[in-house]
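Here the structure comes first, spelled out in structure tokens, and everything after it is commentary.
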Ligand SMILES: *[C@@H]1O[C@H](CO)[C@@H](O)[C@H](O)[C@H]1NC(C)=O
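Residue numbers (mature numbering (1 follows the signal peptide of the UniProt record, and there is no 0)): -22 to -1, 1 to 316.
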């Protein structure tokens, strides 16, 4: 019997027995978002380049993030999304199905680029290779893309992203992000780091005292990044951590602090109201930081879609829910309208 006939026979048998061929790797289904059109005054609007990652675990979060950006942009048709995925062909159809008129591309991120450089952190989700993809944006995105906004997949934007895009990085900043100078910078590195003869000296000679910043929202000047060889600098700190000494506990963020803290162009705090997922171990509910809000970020252990599904959500998770595009049982979710 030819192989195809055999396969057909097996399929028939399965169908007859009422079994489904659903595999664990099948992606959930998402509804189509409304089309968003440019308003007046967009003819001269710049193209805003946004980079995000796509994977099975965070797809729901990524799509909600995209919807939130479109929903609040005054020139949504002037946006271009650059997605990084380890399996681009798997995710392209999912994005196109929810956003048929979105300008986007999906690039392959090779997990082997970082696999040998990742050391385990306090939370497994932080150790996924894709979590390090932001380090490689300058290499992976086309040379023609000279600036990009990087967004994590657990956030929603509630303001016009063009405002963030307009951040002035002159004359020579590589990276812009909200800085948190009241946070205890010492605590992001181990005693081993601070007691070393050389490691702490990495921070001397910085333009300003080093401060914590969250790497989930960054404006990156890719030309300067490429010229300065920053990917290699980040990699070399990861290699120190992996092979030489345990100098930090948290995933991909500390290498960014090591390379950029004190040289970051500050952005208003409203652009990263982070920590809404709770801390990295307990995931307890958090409140907003004081001040205006342009972006809500569920960084930390808890994710709004998991808490909502489990029926024990935090109060602020209700602000994420309107951007959820997940289709349940093939029916539109009545509560998911934007
Ligand atoms: C900052 O963190 C370090 C290390 O965790 C700790 O030893 C120090 O007391 C902290 N400083 C303040 C001002 O809380």
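Glycine residues also receive a C-beta, built at the ideal position from the N, C-alpha and C atoms.
Could you tell me if the beta carbon of residue 173 falls within a distance shorter than 6 Å of some heavy atom in ligand 1? no
Looking at the secondary structure, which residues open and close the beta strand (DSSP E) in which residue 155 lies? 153 to 155
Scan the region 107 to 168 and note each continuous beta strand (DSSP E) run of 3 residues or more that stays entirely inside, going in chain order. 125 to 129, 133 to 135, 153 to 155
Could you check which residue in 203, 290, 226 has the C-alpha nearest to that of residue 97? 226
State buried or exposed for residue -8, treating a residue as buried only when at least 16 other CB atoms are found within 10 Å of its CB. Caution applies to residue -8, whose pLDDT of 47 falls short of 50 and renders its modelled position unreliable; the value that the coordinates give is listed next. The residue is exposed, with fewer than 16 neighbouring Cβ atoms inside 10 Å.
Quick one: residues in its chain with C-beta nearer than 6 Å to the C-beta of residue 113, no 5 flanking neighbours on either side, listed in chain order? Excluding positions up to five away in sequence, the list reads 209, 212.
Which whole-angstrom value describes the C-beta separation of residue 284 and residue 250, a residue pair presumed to lie in contact below a C-beta threshold of 8 Å? Their Cβ separation, rounded to whole angstroms, is 21 Å, which puts residue 284 and residue 250 out of contact at 8 Å.
If you run the structure through DSSP and keep just helix, strand and coil, what is residue 55? helix
Note down, in chain order, each residue of its chain lying with its Cβ closer than 8 Å to the Cβ of residue 89, except the 5 sequence neighbours on either side. 64, 107, 108
For a minimum of 3 consecutive residues, which ranges assigned as the beta strand (DSSP E) are wholly contained in the region 63 to 87? 82 to 86
Which same chain residues end up closer than 6 Å to residue 161 when comparing Cβ atoms and leaving out the 5 residues on each side of it in sequence? 190
Nearest-angstrom beta carbon gap, residue 195 and residue 275 [assumed within contact, 8 Å]: With 8 Å as the limit, residue 275 and residue 195 qualify as a contact, their Cβ atoms being about 7 Å apart.
Return yes when at least one heavy atom of ligand 1 lies under 6 Å from the C-beta of residue 164, else no. yes
Best match in 155, 22, 215, 257 for proximity to residue 279 [C-alpha to C-alpha]: 257
Our contact map puts residue 99 next to residue 228 with C-beta atoms below 8 Å; I'd like the distance itself, whole angstroms only. 5 Å
On the DSSP bridge list, what partners appear for residue 101? According to DSSP, residue 101 bridges with nothing at all.
Hey, could you find the ends of the beta strand (DSSP E) residue 50 is sitting in? That residue, residue 50, is in no beta strand (DSSP E); its alpha helix (DSSP H) goes 37 to 50.
From what residue to what residue does the beta strand (DSSP E) around residue 25 run? No beta strand (DSSP E) holds residue 25; DSSP gives it neither H nor E.
Considering Cα atoms alone, identify which of 244, 293, 230, 252 is closest to residue 101. 230
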